[in-house]
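J.: Okay, here's the structure, questions in a sec.
In our numbering, the protein residues as written are 210 to 358.
Structure representation (structure tokens):
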């Protein structure tokens, strides 16, 4: 029964996001920083199948550079990111940009989750990344972005 509710919720959110996007000429832009090649490939497949635009950078400095040029709607930051680290980059994004932020983490430590919340993250995604979890979280954040815009 829980799976059916989750599937129905995902379908409803997918429809909502599709409707939100039909009248816009600009695709959703998503930037990932510090993700592994495997995670980036999964992100690319999942994001491009929705018609959204995706870019990936390998470190925090390149992430900051792309924030200015690319102006993403959503930023995914791997918590293993360095220079600046994911938490500092999250703070900078929240201070200077309108993008939503999702931290990608293999950490299960509550203090690290609290650290992410204090930095202003909008959501967390656990590693290893499950495709269904990725899809539902992306759809939720895109719908949230449209709502608060």
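The beta-carbon is built from N, C-alpha and C at its ideal position, and this holds for glycine as well.
1) Please report the straight-line C-alpha distance between residue 260 and residue 236, rounded to a whole angstrom.
2) Rounded to the nearest angstrom, how far is the Cβ of residue 298 from that of residue 272, given a contact under 8 Å?
3) Taking just the CA atoms, how far does residue 337 sit from residue 327?
4) For residue 332, collect the residues of the same chain with a Cβ closer than 7 Å to its Cβ; drop the 5 residues on either side in sequence, then sort them by chain order.
5) For residue 339 and residue 255, I'd like the C-alpha separation in whole angstroms.
6) Classify residue 265: buried if its beta carbon has 16 or more other beta carbons within 10 angstroms, exposed otherwise.
7) So what's residue 324 in DSSP terms, helix, strand or just coil?
8) In whole angstroms, give me the CA-to-CA distance for residue 320 and residue 289.
9) Closest to residue 352 by C-alpha separation, out of 292, 274, 282 and 325, would be which residue?
10) Quick one: is residue 341 buried, meaning 16 or more other Cβ sit within 10 Å of its Cβ, or exposed?
11) Do residue 243 and residue 304 have their C-beta atoms within less than 8 Å of each other?
12) Ordered along the chain, which non-local residues of its own chain (more than five positions away) have a Cβ less than 7 Å from that of residue 308?
13) Which class does residue 351 belong to by DSSP, given the choice of helix, strand or coil?
14) Enumerate, from N- to C-terminal direction, the unbroken beta strand (DSSP E) stretches of 3 or more residues contained entirely within the stretch 230-263.
T.: In short, the structure shows the following:
1) Going by C-alpha positions, residue 260 is about 7 Å away from residue 236.
2) Between residue 272 and residue 298 the Cβ distance is about 6 Å, and since that is below 8 Å, they are a contact.
3) If you take the alpha carbons of residue 327 and residue 337, they lie about 23 Å apart.
4) Excluding residues up to 5 positions away in sequence, 311, 346 and 350 lie with their Cβ nearer than 7 Å to the Cβ of residue 332 in the same chain.
5) Those two C-alpha atoms are separated by around 11 Å.
6) Residue burial is scored here from C-beta neighbours: residue 265 has at least 16 other C-beta atoms within 10 angstroms and is therefore classed as buried.
7) Of the three classes helix, strand and coil, the one that applies to residue 324 here is helix, per DSSP.
8) It is roughly 15 Å from the alpha-carbon of residue 320 to the alpha-carbon of residue 289.
9) Closest by alpha carbon: 282.
10) Residue 341 sits exposed, since fewer than 16 C-beta atoms from the chains shown fall within 10 Å of its C-beta.
11) No; because the gap between Cβ atoms is not below 8 Å, this pair is not in contact.
12) Here the set comprises 281, 282, 283, 284 and 302.
13) Of the three classes helix, strand and coil, the one that applies to residue 351 here is helix, per DSSP.
14) With a minimum length of 3 residues, the continuous beta strand (DSSP E) runs that stay inside the stretch 230-263 are 238-242.
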